[in-house]
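In the numbering used here, the protein residues as written are 5 to 131.
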């Protein structure tokens, strides 16, 4: 759900906003973030709104291809999206600490939780 009403939908063609009247509007997606149309059959698998309003979206292929997906950040309001990192297989868990200083991220086949320092300019580098 969106604060102004309507909802943000993650579709195979990218994120779309559906307003209260049922009208659809495309917002920036993978093509805008990556600069090209992926040849792989990708889909959004996981998404979560950050406490400050940005939407984090993880992608994967329909056939679970290793390292074919990525994690993206859609700016609050939907004006800009950027690819944070690739080499994701099954994006499947995003959360933040209560004080919003760290973000947790799960790529299921890795069987671990990666932690990112939100305050650091390099927090998008996976460890």
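Positions of the beta carbon are idealized from the N, C-alpha and C atoms, including for glycine.
- Whole beta strand (DSSP E) elements within the region 90 to 126, 3-residue minimum: 95 to 100, 106 to 111 and 117 to 121
- Task: Would you grab the beta carbon distance between residue 82 and residue 32 for me? Rounded to a whole angstrom, and I think it's under 8 Å.
- Result: Looking up residue 82 in the chain shown gives position 78. Looking up residue 32 in the chain shown gives position 28. Right, the Cβ-Cβ distance comes to about 7 Å (below 8 Å), so this counts as a contact.
- Item | Best match in 68, 84, 69 and 51 for proximity to residue 75 [C-alpha to C-alpha] | Translated into the one-based positions of the chain shown, residue 75 becomes position 71. It is 51.
- Closest by C-alpha distance to residue 73, when choosing among 54, 26 and 111: Indexing the chain shown from 1 puts residue 73 at position 69. Answer by Cα proximity: 111.
- Residues in its own chain within less than 8 Å of residue 105 by CB, not counting five upstream and five downstream? Along the chain shown, read from residue 1 onward, the residue named residue 105 stands at position 101. Around residue 105: 121, 122 and 123.
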